[in-house]
Structure formats: structure tokens, C-alpha cells
Amino acid sequence: MKAMSAIAVGALVLLPVAANAADPPPGATACSGCHGSSATADTPVPKLQGRDAGETVAAMVAFRSGERPATVMDRIAKGFTDDETRLIADWLAAQK
Amino acid sequence: MTTAHSRRRFLRSSAALAAAAAFPLPALAQKAPRVLVIGGGFGGASVARELRSIDPKIHVTLIESNATFTACPFSNAVIGGLRDLKAQQFGYDKLRAAGVNVVIDTATAVNATSRTVRLGGITLPYDRLVLAPGIDIRWGALPGYDEAAAAKMPHAWRAGDQTTLLRDQLVAMDDGGVVVMSVPANPFRCPPGPYERASLIAHYLKTSKPKSKLIVLDAKDQFSKQRLFQNAWKELYPDHLEWVSLSAGGKVTSVDPATNTLATDFGKQAAQVANVIPPQKAGRIAEIAGVANQTGWCPIDPVTFESVLVPGIHVVGDATIAGAMPKSAFSANAQAKVCAAAVAKLLTGAKPQEPRLINTCYSLVAPDYGISVAGVYAPAKDMLAEVKGSGGVSPLDATADVRAAEAVYAEAWYRTITTEVFG
């Protein structure tokens with residue numbers, strides 16, 4: 188009985204840590220491989236951090252459907268669902 | 002002392018006992034968790050920097066043998082005479098500024114039980130160890146090819162002096178010479194790398210030594226971005242590049258540095274310049290730490306990149322068996338960020354999240370002609386598998402403008418990723 192309640196409390200303690208809202212959602216950290224997070228690199232590839240989430244989602248949807256011409260983003264956009272894309276876009280928008 | 006007293010009282014409560022069971026040592030000990038990273042390439046430097054950015058309380062030490070890192074991506078352009086080796090070189094000052102303790106030394110032993118690493122007479126403790134050792138050459142796996150042979154027949158598969166040696170040999174060669182490249186069976190670092198190199202050597206020959214020729218002897222019938230490369234070769238280098246597949250007798254079975262000759266089952270090929278890309282394995286420390294299996298590479302958990310052979314040790318980059326993810330700098334950087342997030346979670350006893358990874362690899366076929374392969378990856382059955390419907394290579398029928406754009410994006414990618422990791 189005692190052991191069981193200890194486990195239950197342990198699980199409660201763990202929950203808030205595991206669901207940290209500031210954590211980047213799956214896939215989000217990979218973007219900066221090409222989309223620089225600092226302004227110092229000379230690149231024609233747009234910076235995504237701080238960008239409006241709606242814009243990022245719209246671009247990804249258009250890349251996935253082929254409506255917007257792309258070199259690699261069509262192939263990458265197809266690896267993410269609408270929900271996953273939205274989470275990534277929201278996280279990117281919140282970055283400096 | 003009040004603090005110690007209240008702490009003891011706190012420890013007596015059942016909640017604290019539960020926490021003690023759920024959280025491993027570092028959280029309760031209130032000591033900064035220590036992470037050691039061995040290897041300062043794209044994978045290791047990224048892990049170190051990312052960990053500091055996730056949680057500045059984590060004490061991160063990066064152990065690297067060389068004070069200057071020489072990057073492999075774009076080193077084929079150095080060999081082709083399009084780029085200076087200096088553009089490939091980076092130091093660790095920005096990592097130091099980010100709070101990473103950078104130690105230029107060579108780790109010689111790993112004790113996974115006491116969780117310590119030995120280097121240069123000192124022993125460093127760790128809570129989590131991350132290995133990013135890249136590749137080592139399997140000396141002797143190709144008969145005749147040892148370290149002495151590499152001084153005559155460069156591999157140039159670890160960038161630096163070997164890159165310069167191959168470049169210098171091409172420059173010194175008389176017009177009319179035969180360059181021979183040997184390509185190993187899978188797996189090896191940078192799957193499209195040999196074919197990008199073949200392209201840029203052919204470009205150099207075509208523009209500077211037009212009576213010369215490159216022969217590529219391959220231990221495979223299929224390779225990365227194959228149709229894209231072969232179409233481009235037909236168009237750009239019909240007289241300067243000949244690719245000999247495995248089934249056409251291309252597999253090199255031995256080399257003789259005394260005569261600069263490569264042997265196949267069907268004959269011998271003498272070379273004025275011989276570039277032997279040899280069979281490879283995970284970097285030295287992987288074997289020492291016991292995280293490499295019989296293949297020579299390191300099996301990992303696809304969520305945390307923790308070794309499936311030795312707990313507490315994570316492996317990222319070229320040294321890993323990462324399922325569908327190729328051995329590339331982009332992969333190493335993406336894996337490093339996932340690994341750092343997982344390590345930070347594990348240090349506090351939290352559960353790492355299921356990751357999603359991306360790879361994008363550009364190859365130059367000519368200075369203004371780029372092609373790419375991209376993929377999105379997720380854990381599936383203890384491996385990293387490509388997400389269905391995603392990924393693939395550049396279109397076969399793209400216009401010259403698209404090829405030129407991909408060449409521009411290739412260089413932009415290099416500047417961006419090296420800025421993120423080293424700048």
C-alpha cells in the first residue's frame with residue numbers, strides 16, 4: 188500500500204517536467220540545419236524563427252501539395268502532418 | 002544549519018522518497034550534471050552547444066584531439082580546385098564562449114561502470130557520455146592499403162592533410178594522366194560523396210587537363226542519386242569520367258602503392274593519381290567504449306541515441322547505425338539536437354519525446370550544378386525509418402535554373418550549418 192502511493196506521487200511529480208511547453212516539438216530543431224537561427228550566415232534561405240506561424244503553415248501546406256514550387260521543401264513537407272506542422276510553426280514563431 | 006535541517010525533514014516526507022525513486026542522482030544531489038562529449042565534428046560540437054543552450058546548469062566538456070576542425074562537406078570542391086582548404090576549417094572559440102569546456106586531448110579509456118573517461122593522465126567523471134567519433138579507416142581490410150599506402154594513394158575521406166595531398170597530386174599530374182578512384186561497399190561516410198568527388202575531379206580534368214581521364218572502380222552496382230549523377234556525367238563529362246560498376250568488374254580487391262596500381266578480379270589498373278576510398282568503421286573510441294558491434298558501427302536507441310550495448314553512453318553521427326538516416330553532416334547535426342534534448346531530459350529523470358529528424362544532402366556535379374536528397378525520419382521498430390511519402394532526390398528533368406539554385410542552396414547550407422555549430 189505504501190509503495191503504491193509512493194509510485195503514484197512519483198508519477199505526479201514527473202508529469203509537468205515531461206510536458207514542458209517550451210520543449211521544441213518533434214522535428215522542430217532540424218529546420219535550423221538550413222534555415223539559420225542566427226543572422227550572421229549569408230543565405231537566401233529565409234529565417235523561420237520569429238516568423239508568423241500562419242505563414243509557415245501555409246508555406247508547408249503549399250509545398251506539400253506542389254502548389255508552391257520548391258527544391259527540397261516539397262520532399263520535407265510531406266514528412267509532417269497538419270498537426271505536426273502547426274506545432275513546429277508555433278514553436279518557431281515563439282523563438283527569437 | 003537551517004538548510005541542511007529542512008532538507009533532512011524534506012527527505013523524510015513520502016513525496017521526497019517518491020522523487021528519489023523517480024529521479025536519478027543529479028537532481029537530488031543538487032550538483033551540476035556532467036556531460037562529456039568526445040569528438041568535435043558536426044555531431045559532437047552540436048551536442049555540446051545544444052546542451053548548454055537547453056540548460057546552462059549542465060556542465061559540458063568537449064574532448065577533441067585537434068584544435069582545428071576540418072569539415073568534410075565541400076572538401077570535394079577543394080580537391081577539384083574550386084575552394085581553399087581554409088574555408089573548411091573551424092576552431093572551438095565560440096563553443097568556449099557558450100560555456101563549453103573544450104579540452105584538446107585524446108580520450109584513451111572509458112569506464113562505463115565508474116562512469117569515467119581517461120585522457121592524458123587525468124580521469125573525468127560523467128553522468129552521461131556522448132560519443133561523436135566519426136569514422137576510422139579499416140586499415141588492411143583492402144589488402145595493401147595501410148597507413149603508409151595512404152601517404153601515396155590518399156583516401157581524403159577524413160578532411161585535412163589527405164585532402165591537400167590528393168589535390169596536390171592532381172595538380173602535379175601531367176595532362177593525359179589516368180586518375181583512378183576506388184569506392185567501397187556500403188556503409189560508409191557520405192553515400193553520395195564519392196560521386197560528387199568524381200564529378201568535381203572530372204570537372205577539373207575537363208577544364209585544366211582535357212587529355213586526362215578519371216576511372217571510378219566501384220564495389221557496388223547502385224549508389225545515392227545514381228540517375229542524377231549518371232545523367233549529368235553523360236551531359237558534362239562524357240570523355241573524362243568512366244564509372245565501372247561491381248557487375249562490370251569494378252570491385253577493387255587489392256592495391257599496390259609501390260606501383261600505384263589497383264587490382265580487380267579482372268585485371269590491374271595503373272594510376273598516375275590513385276584515390277582509394279577504403280572500408281570504414283566507427284571512430285576509435287567507439288570500440289574502446291564497447292559501443293560498436295561486430296559490424297564496426299554503433300547500434301543506438303532511435304529516441305535517445307543511447308547505445309543499446311552500454312547504458313549511459315550515447316552515440317551520434319557517422320559512427321551510428323541509424324537505420325534509414327545516411328552518414329552525413331546534416332544527419333549528425335539533427336541527431337545531435339535530438340540527443341541533447343534526450344540527455345537533458347534523462348538527467349532530470351524525465352521522459353524524452355519521440356523525435357522526428359530531417360536530412361538534406363547536396364552534391365555538386367559542377368560549380369553551378371547541384372542535386373540533393375532529402376528525407377524525414379521517425380523511430381520505428383527500434384530503428385529510424387523514413388516517414389512514408391516524404392523525401393527523395395531532385396527531379397530528373399529539372400531545368401538548369403533549378404540545378405543552379407541547388408548549387409547556391411548547397412553553399413548556403415554549408416555557411417548556415419557551420420555558423421550554427423562553430424560560429
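Chains as they are written, first to last, in my numbering: chain A, 188 to 283; chain B, 2 to 424. Glycine included, each C-beta is placed from N, C-alpha and C at the ideal position.
Tell me whether the region 315 to 331 of chain B and the region 164 to 174 of chain B touch, counting them as touching only if at least three CB pairs, one residue from each stretch, are closer than 8 Å.
No, because fewer than three Cβ pairs between the region 315 to 331 of chain B and the region 164 to 174 of chain B fall closer than 8 Å, the two stretches do not touch.
On the CB-based measure, 16 or more other CB atoms within 10 Å of its CB, does G121(B) come out buried or exposed?
exposed
For W244(B), the residue or residues it bridges with in DSSP:
V217(B)
Against P356(B), what residues of chain A qualify as contacts under a CB-to-CB distance less than 7 Å, listed in chain order?
One finds P213 in chain A with Cβ atoms closer than 7 Å to the Cβ of P356(B), taken in chain order.
I need the boundaries of the beta strand (DSSP E) containing A379(B), first residue and last residue.
Y370 to A381
When you compare only the Cα positions, how much space is there between L215(B) and P144(B)?
22 Å
In this structure, what does DSSP give as the bridge partners for Q339(B)?
Reading off the sequence shown, one finds Val at residue 339(B), where the question assumed Gln. In DSSP, V339(B) forms no bridge with anything.
Interface residues of chain A facing W414(B) [CB-CB closer than 9 Å]
Ordered by position in chain A, the residues that pass the 9 Å Cβ test against W414(B) are G220, C221, T230 and V232.
Taking the CB atoms as reference points, tell me whether T265(B) and K252(B) lie closer together than 8 Å.
yes
Min CB distance I359(B) to chain A below 8 Å
yes
Closest to A399(B) by CA distance: which of Q336(B), V256(B), L242(B) and R228(B) is it?
R228(B)
I need the straight-line Cα distance from P279(B) to L86(B), nearest angstrom please.
22 Å
P195(B): first and last residue of the uninterrupted alpha helix (DSSP H) it sits in
For P195(B), the enclosing alpha helix (DSSP H) starts and ends at G194 to S209.
Which one or two residues does DSSP pair with Y363(B) in a beta bridge?
S373(B)
Best match in K338(B), E421(B), N112(B) and V344(B) for proximity to P213(A) [C-alpha to C-alpha]:
K338(B)
Can you check whether the CB of A160(B) is closer than 8 Å to the CB of A275(B)?
No, the pair does not count as a contact, with Cβ atoms beyond the cut-off.
Own chain partners of A264(A) with C-beta closer than 7 Å, once the 5 adjacent residues on each side are dropped
M247, F250 and R251
Under 6 Å Cβ to Cβ from L166(B), same chain only, skipping five residues before and after it: list those, please.
P155
Between V103(B) and L96(B), which are expected to be in contact by the criterion C-beta below 8 Å, what is the C-beta distance as a whole number of angstroms?
Confirmed, Cβ separation roughly 6 Å.
Residues of chain B with CB closer than 8 Å to the CB of T258(A), please, in chain order.
S373, S395, V403, A406, E407 and Y410
With a 10 Å radius around its C-beta and 16 neighbouring C-beta atoms as the bar for buried, classify K346(B) as buried or exposed.
buried
Once the 5 residues before and after A281(A) are set aside, which same chain residues still bring their CB inside 7 Å of it?
For A281(A), there are no CB contacts under 7 Å within the same chain when 5 residues up- and downstream are skipped.
Since R262(A) meets chain B, which of its residues come closer than 7 Å, beta carbon to beta carbon?
A375, S391, G392 and G393
Please name the residue, chosen from G324(B), G393(B) and I286(B), that lies closest to D137(B) on a Cα-to-Cα basis.
I286(B)
Classify K389(B) as buried or exposed, calling it buried when 16 or more other Cβ atoms lie within 10 Å of its own Cβ.
Label assigned to K389(B): exposed.
My output table needs one value for T272(A): the three-state DSSP class, helix, strand or coil.
helix
Would you say T266(A) lies against chain B (beta-carbon separation less than 8 Å)?
Per the sequence shown, residue 266(A) should be read as Gly rather than Thr. It does: the Cβ of G266(A) has a partner Cβ on chain B nearer than 8 Å.
Counting pairs of Cβ atoms below 8 Å between the region 108 to 124 of chain B and the region 210 to 225 of chain B, do you hit three or more?
no
Roughly how many angstroms lie between the CA atoms of I314(B) and G284(B), to the nearest whole one?
15 Å
Candidates A271(B), L218(B) and H204(B), of which the one nearest H241(B) by Cα:
H204(B)
I'd like to know whether the C-beta of D270(A) is nearer than 8 Å to at least one C-beta of chain B.
no
Between the C-alpha atoms of A46(B) and G237(A), what's the straight-line distance to the nearest angstrom?
Distance between the alpha carbons of A46(B) and G237(A): 25 Å.
Which bits of chain A does A335(B) rub up against, with CB to CB less than 7 Å?
A217 and G220
Pick from A351(B), D94(B), T69(B) and D257(B) that is closest to G141(B), judged by C-alpha positions
D257(B)
Rounded to whole angstroms, what is the Cα-Cα separation between V277(B) and D219(B)?
11 Å
Residues of chain A with a CB under 8 Å from the CB of T417(B): which are they?
S219, G220, C221, H222, G223, A228, T230 and V232
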